[in-house]
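Undergrad: Residue numbers (my numbering), protein chains in the order written: chain A, 574 to 1372; chain B, 35 to 193.
No residue lacks a Cβ here, since even glycine has one placed at the ideal position from N, Cα and C.
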Amino acid sequence: MSKDSSAQPADVLRPRHVGAPIKRTEDPRLLTGSGEYAADRKPDRPLHIAFRRSEQPHARLTRIDTAAAQTAPGVFAVFTAEDIAEDFKPVIPFSRMANYYATPIMPLASGKVRYVGEAIVAVVATSRYLAEDALELIEIEFEPLGTVSRSELAVAQDAPLLHEEAGTNVLIAREFKKGDVEADLKSAAVRVSGRFEMTRKAPLAMEPRSYTAEYDVRRGAITLYTSSNIPGIVRDAISESLGLPGSRLRVVAPDVGGSFGSKGSLYPEELLICIAARKLGRSLKWTADRLEDVSSSSQAFAEIVDAEMGFDENGVAVALQADVLGDVGAYSIYPWTCGLEPVQVVSFLPGPYKIRSYRGAVRGVATCKPPTGPYRGVGRPISTFVAERLMDLGAKALGLDPMEIRRRNLVCAEEFPYRIASGIIWDKTGFVECLDTAGAACGYEQLRVRQAEARSDGRLFGIGIASYAELTGIGSRIAVAPGMPINTGSETAKIFIDSTGAITAAFGVASHGQGLETTLAQIIADDLGANFADIRVIQGDSDAVPMSTGTYASRSAVLGGGAAKHASALLRDKIKRVASHLLEASHDDIEVSGGKAIVIGTDRAVTFRQVAKAVYSDMKTLPVDAREELSASYTYDPINGTTAAATHIAAVEVDPATCFVKIQKYVVAEDCGQIINPMIVDGQVHGGVAQGIGAALFEELVYDEDGQLLSASLVDYVIPSAPEVPDMDVVHIESESAVAGGFRGMGEGGTIGAPAAIANAIADALSPFDIDVNLLPMTPERIFRLIEQAKLKAKEKSE
Amino acid sequence: MTVNVSVTVNGTRHDVSGVEPRLLLSDFLRETLGLTGTHVGCEHGVCGACTVLMDGHSVRSCLMLAVQANGSEITTVEGLGAPEALNALQTQFREHHGLQCGFCTPGMLMTGEDLLRKYPLATDEEIREGLSGNLCRCTGYQNIVAAIRSAAAILRENV
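Quick look at the structure:
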């Protein structure tokens, strides 16, 4: 086993491209400033939009006066909700979930505002500068309706209602139950519990949200270039809302500068820009500035979890219960609903562990903040934080090593498929293998020796472990978000060879940094038998395939990769049929490889170009009925999905003077099945862990009691920079997965494991003070207060 | 009131009249000159995506007015290399997978160029410190550090 390499080397059996660290197709353009992000589009004489946003957290809009703005220099149009009321239908984030209230999505606030940053008026002008000048001239009168600043306040008896029609601020409530938790807890040898909190975060992609709507006068058509990772879903939603058929509405996600979930829902501004483009018959541009992006893009996490776990005398977890209060913000998002994040916390809380009985209850409540939505890991960063803290508390109570207690509770090889207490089924994955491999890779025993030495020097050194499992590549049987009516379980690949012999492969997935143009081409190169360099992958374009959604929920390698494999096989068969005519050989004697069809064991071969020429151009070589178009399309549905798992181990040292946490060592052992490109997999892990470090140590969106965001700049909302992120060791376990190609999704995992591993490491480092870590981020200030309180308590005790 | 701005960008001289004094250098490069390789990530000088070289030193084009660049020589990411002919640092970024979404990359490259010219970059700590004014949300920095480490080593060998 070596770092950043396979734990089970099987290179000789590997195909040529899949499994190889092939350099990315995307890189040359992105490294030279030749990429094209939504804001880089240069349509003919575009107009620019600026939004006047609410400075009030919850207020009725009693008067909006835009007269002065309309006559300001360069201004073309000013829109309020009233001005566009007839131009769209509200988009409803529907779900079949019981106890769910779907709040409609409107392009501009109508009647009242529910969070600071909500768009109220749109100004269209010849430049962004002039549009922003005009914003200053708009007068809005607000009638304050009372702020709901925190989730605990939202459920109070006399709390103002954000959505009166709902009759409550509880927008979603759900409970999972298995077995008799009460009885199991009563009979447990040890019970551990706590109130855990994961504060609100910003996904914070480096590219702010950005849209360019290009209007085609000839056809009355709109092409929306959007920094979205769900262009297919956006296309279908806008089509429905504006009554524009797909033939007149194309949605393209060009180069997208990261999302991490923040660009994975339909946004009011996407609706507005299309409405305005159609109304004005002009191309329009809008890019959020950083303040707009942080205060109006979907936010993350924001849950308080009261949880308890019971163990028998052998350290086997017998029961788990949790009550989750999620602060979902002012609106439900489309299409995932406000249930996505908090419900996932309770559905994944048992994690990779065999726990006999379980009760998980969740309430998602409306507050005066932007909606929460998907963020890398969705729900599982918190569920893992809670479950892994409870595991460590259990280990401490029972006098077991944290490594040992996990080994006693993880689902082992012979027990798969395993249905955990919340109902999720894990397919065969290397849970225990990840734990053992991570332990070996970090030198766990030596780390404990190092810790003992540090302790004897009076230093605060701690080791934290986190194991988790996630469901990836979800097929049609499971909804990505509970009760959601749209299909997220299939993915289409359309591959064709044109008359020049070039290969084009179109997908509905939408890369926003994952390198799908490279990895999907790797799969096609192997399965079609093509040259990697001859393959062009088109993705992120609603016109490329009849139906698409996008890239989210760690699905694209599994679903896109599966579709690529099947479509490649169909097309390879067509090539073989043509080649058997041209080479006068039996179909079975022909193999396709390196862009050629070859008669096995001979030097007789035809290139794809020759095959294409025979089919399309040279009408003498083939019988008419053998001239099959060289194209294949396949829609792949893995039905259930497949599990991915990992163990993270972090070693940290807390500086007692500054209370800063320094990460001394970080190891990840992960199982994502067959690796397509190890370089890209490592990169995904590194980036995910860095975000997890941010969640654990730095990042917090702080809203005050008046609903004002106090950390709205990158000075105040601190994401990790290079000195704060350690070098990581990543080790891979490639256990077989049953889906096509044996791939498992792995883009999110880093962010799931890191907060828990670091929280456990900090708790371990601070164990001389008997401090519990139950809130993230653990900022120096929080650590300082915890240590001071512990010292005070110890002093009181001794007196 | 408008002003005239004369700048040399990537070796080409531009004499632009009618520039508003409040126009940011970043917007001037992107909108006026059409050089969209320079990205704008925060407009308050923290993220570093908009970093360009002005007279050989890295500056944040979002914190400068175009008029302040009058008479200067600017290099943007478009001036480093072409897709088919990457320069040494760009090549190392590709070799080491030092980019994912690519949005922070132009700023990372321009900062990297500045660091490589000015500092020995003998340790990872030095590289990480040098990069601390540029934010990346995708890579966890590890492969960016590796790319610059490698570029520095190549530079040392070639001296």
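#1: Closest to Ala1039 (chain A) by CA distance: which of A:Ala1327, A:Phe1181, A:Glu755 is it?
#2: Of all Cβ atoms in chain B, is any one closer than 8 angstroms to the Cβ of Phe833 (chain A)?
#3: With 16 as the cutoff for other CB atoms within 10 Å, does Ser814 (chain A) come out buried or exposed?
#4: Can you look up Gln894 (chain A) in the DSSP assignment and give me helix, strand or coil?
#5: For Trp999 (chain A), which residues does DSSP report across the bridge?
#6: Express the C-alpha separation of Ala892 (chain A) and Ile928 (chain A) in angstroms, rounding to a whole number.
#7: Here's the rule: buried if 16 or more other CB atoms are within 10 angstroms of the residue's CB, otherwise exposed. What is Tyr904 (chain A)?
#8: Note down, in chain order, all residues in the stretch 1213–1228 of chain A with a beta-carbon under 9 angstroms from any beta-carbon belonging to chain B.
#9: Taking the straight line between their C-alpha atoms, what separation do you get for Ala183 (chain B) and Gly132 (chain B)?
#10: Val807 (chain A) by DSSP, collapsed to three states: which one?
#11: With 8 angstroms as the threshold, decide whether the Cβ of Val53 (chain B) is near any Cβ in chain A.
#12: Using 8 angstroms as the limit for Cβ to Cβ distance, is Ser578 (chain A) near chain B?
#13: Distance cutoff 8 angstroms, beta carbons only. Does His1259 (chain A) sit that close to anything in chain B?
#14: What do you get for Asp1244 (chain A), buried or exposed, if any count of 16 or more other CB atoms within 10 angstroms of its CB means buried?
#15: In chain order, what residues of the same chain have a beta carbon less than 6 angstroms from the beta carbon of Val651 (chain A), not counting five sequence neighbours either side?
#16: Rounded to whole angstroms, what is the Cα-Cα separation between Phe989 (chain A) and Ile997 (chain A)?
#17: Which residues, taken in chain order from the stretch 1268–1294 of chain A, show a beta carbon closer than 9 angstroms to some beta carbon of chain B?
#18: Can you give me the start and stop residues for the alpha helix (DSSP H) that Met144 (chain B) sits inside?
#19: Tell me, please, whether the CB atom of Glu191 (chain B) is closer than 8 angstroms to any CB atom in chain A?
#20: What do you get for Asn38 (chain B), buried or exposed, if any count of 16 or more other CB atoms within 10 angstroms of its CB means buried?
#21: Can you list, in chain order, the residues of the stretch 121–145 of chain B whose Cβ is nearer than 8 angstroms to any Cβ on chain A?
#22: Which residues in chain A have a C-beta closer than 9 angstroms to the C-beta of Glu112 (chain B)? List them in chain order.
#23: Looking at the C-beta of Arg183 (chain B), does it have a partner C-beta in chain A at a distance below 8 angstroms?
#24: Beta-carbon of Leu655 (chain A) versus every beta-carbon of chain B: anything under 8 angstroms?
#25: Take Ala583 (chain A) and list the residues in its own chain whose beta-carbon comes closer than 6 angstroms to its own, dropping the five residues that flank it on each side.
#26: Name, going along the chain, the residues of the stretch 762–793 of chain A whose beta-carbon falls closer than 9 angstroms to a beta-carbon of chain B.
#27: Rounded to a whole number of angstroms, what is the C-alpha to C-alpha distance between Gly1280 (chain A) and Gly902 (chain A)?
#28: Using three-state DSSP, classify Ala727 (chain A) as helix, strand or coil.
#29: Hey, could you find the ends of the alpha helix (DSSP H) Tyr702 (chain A) is sitting in?
#30: Distance check for Tyr1017 (chain A) and Phe1004 (chain A), CA to CA, integer angstroms please.
#31: According to DSSP, is Thr1352 (chain A) helix, strand or coil?
#32: Please state if the CB of Arg980 (chain A) and the CB of Pro1008 (chain A) are separated by a distance shorter than 8 angstroms.
#33: Between the stretch 1305–1321 of chain A and the stretch 1209–1221 of chain A, can you find at least three pairs of beta-carbon atoms closer than 8 angstroms?
#34: Looking at the structure shown, is Ser1371 (chain A) part of a helix, part of a strand, or coil, going by DSSP?
#35: Would His1375 (chain A) and Pro733 (chain A) qualify as a contact pair, given that the criterion is a beta-carbon distance under 8 angstroms?
#36: Ordered along the chain, which non-local residues of its own chain (more than five positions away) have a Cβ less than 6 angstroms from that of Val916 (chain A)?
TA: Based on what the coordinates show:
#1: Locating residue 1039 (chain A) in the first sequence gives position 466, where the first residue counts as 1. Considering only alpha carbons, the answer is A:Ala1327.
#2: In the first sequence, residue 833 (chain A) corresponds to position 260, counting from 1. Yes, Phe833 (chain A) lies at the interface with chain B (some Cβ there is under 8 angstroms from its Cβ).
#3: What you label residue 814 (chain A) is simply residue 241 of the first sequence in a count that begins at 1. By the 10 Å Cβ count, Ser814 (chain A) comes out buried.
#4: Your numbering for residue 894 (chain A) matches position 321 in the first sequence. Gln894 (chain A) falls in the strand class under three-state DSSP.
#5: In the first sequence, counting from the first residue as 1, residue 999 (chain A) sits at position 426. Trp999 (chain A) pairs with A:Tyr991.
#6: On the first sequence, residue 928 (chain A) is found 355 positions in, with the first residue counted as 1. On the first sequence, residue 892 (chain A) is found 319 positions in, with the first residue counted as 1. Computed Cα separation, rounded: 6 angstroms.
#7: What you label residue 904 (chain A) is simply residue 331 of the first sequence in a count that begins at 1. It is buried - the Cβ of Tyr904 (chain A) has at least 16 other Cβ atoms within 10 Å.
#8: Only those residues of the stretch 1213–1228 of chain A whose C-beta falls short of 9 angstroms from the nearest C-beta of chain B would be listed, and there are none.
#9: For the purposes of this step, residue 183 (chain B) is taken as residue 149 along the second sequence, with counting starting at 1. For the purposes of this step, residue 132 (chain B) is taken as residue 98 along the second sequence, with counting starting at 1. According to the sequence displayed, residue 183 (chain B) carries Arg and not Ala. Rounded to whole angstroms, the gap between the alpha carbons of Arg183 (chain B) and Gly132 (chain B) is 11 angstroms.
#10: Here residue 807 (chain A) corresponds to residue number 234 of the first sequence, with the count starting at 1. In this structure, Val807 (chain A) counts as helix in the three-state DSSP scheme.
#11: Here residue 53 (chain B) refers to the residue found at position 19 of the second sequence. So no, Val53 (chain B) is outside the interface.
#12: As a working mapping, residue 578 (chain A) is identified with position 5 in the first sequence. Note that Ser578 (chain A) scores a pLDDT of 39, beneath 50, so its modelled location is shaky and nothing firm can be said.
#13: As a working note, residue 1259 (chain A) is residue 686 in the first sequence. Closer than 8 angstroms to some Cβ of chain B, the Cβ of His1259 (chain A) qualifies, so yes.
#14: What you label residue 1244 (chain A) is simply residue 671 of the first sequence in a count that begins at 1. Buried, since its Cβ has 16 or more Cβ neighbours within 10 Å.
#15: Residue mapping note: residue 651 (chain A) aligns to position 78 of the first sequence, counting from 1. Answer for Val651 (chain A): Thr639, Ala642, Gln643, Val696, listed in chain order.
#16: The residue you call residue 989 (chain A) lines up with position 416 of the first sequence. The residue you call residue 997 (chain A) lines up with position 424 of the first sequence. If you take the alpha carbons of Phe989 (chain A) and Ile997 (chain A), they lie about 12 angstroms apart.
#17: Closer than 9 angstroms at the C-beta level to chain B, one finds these residues of the stretch 1268–1294 of chain A: Ser1286, Leu1287, Val1288, Ile1292, Pro1293, Ser1294.
#18: Position 110 of the second sequence holds residue 144 (chain B). That run of the alpha helix (DSSP H) goes 139–152.
#19: Locating residue 191 (chain B) in the second sequence gives position 157, where the first residue counts as 1. It does not: the Cβ of Glu191 (chain B) has no partner Cβ on chain A nearer than 8 angstroms.
#20: The sequence position of residue 38 (chain B) within the second sequence is 4, counting from 1. It counts as exposed.
#21: Gln124, Phe127, Arg128, Glu129, His131, Leu133, Gln134, Cys135, Gly136, Phe137, Cys138, Thr139, Pro140, Leu143
#22: Numbered from 1 along the second sequence, position 78 holds the residue referred to as residue 112 (chain B). Within 9 angstroms Cβ-Cβ: Thr605, Gly606, Ser607.
#23: As a working mapping, residue 183 (chain B) is identified with position 149 in the second sequence. By this cut-off, Arg183 (chain B) is not an interface position.
#24: By one-based count along the first sequence, residue 655 (chain A) stands at place 82. The amino acid occupying residue 655 (chain A) in the given sequence is Glu; Leu does not appear at that position. No, no contact with chain B.
#25: Position 10 of the first sequence, counted from the first residue, corresponds to residue 583 (chain A). Confidence at Ala583 (chain A) is low in this model, with a pLDDT of 38, below 50, so the placement of that residue is unreliable and no value is reported for it.
#26: Pro776, Leu777, Ala778, Met779, Glu780, Pro781
#27: The sequence position of residue 1280 (chain A) within the first sequence is 707, counting from 1. The sequence position of residue 902 (chain A) within the first sequence is 329, counting from 1. Rounded to the nearest angstrom, the two C-alpha atoms are 11 angstroms apart.
#28: For the purposes of this step, residue 727 (chain A) is taken as residue 154 along the first sequence, with counting starting at 1. Looking at Ala727 (chain A) - three-state DSSP - the assignment turns out to be helix.
#29: Within the first sequence, numbered from 1, the residue matching residue 702 (chain A) stands at position 129. 701–708 is the extent of the alpha helix (DSSP H) around Tyr702 (chain A).
#30: In the first sequence, the residue the question calls residue 1004 (chain A) occupies position 431. In the first sequence, the residue the question calls residue 1017 (chain A) occupies position 444. The alpha-carbon atoms of Phe1004 (chain A) and Tyr1017 (chain A) are separated by roughly 17 angstroms.
#31: Indexing the first sequence from 1 puts residue 1352 (chain A) at position 779. Residue state, collapsed to three classes: coil.
#32: As a working mapping, residue 1008 (chain A) is identified with position 435 in the first sequence. As a working mapping, residue 980 (chain A) is identified with position 407 in the first sequence. Position check: residue 1008 (chain A) holds Leu in this sequence, whereas Pro was assumed. Cβ distance < 8 angstroms, so Leu1008 (chain A) and Arg980 (chain A) count as in contact.
#33: yes
#34: Residue mapping note: residue 1371 (chain A) aligns to position 798 of the first sequence, counting from 1. Looking at Ser1371 (chain A) - three-state DSSP - the assignment turns out to be helix.
#35: The structure shown does not extend to residue 1375 (chain A), since chain A is modelled only from 574 through 1372, so no value can be given for it.
#36: Taking the first sequence and counting its residues from 1, one reaches residue 916 (chain A) at position 343. Within the same chain, Val916 (chain A) has close Cβ partners Arg747, Val935, Pro1055.
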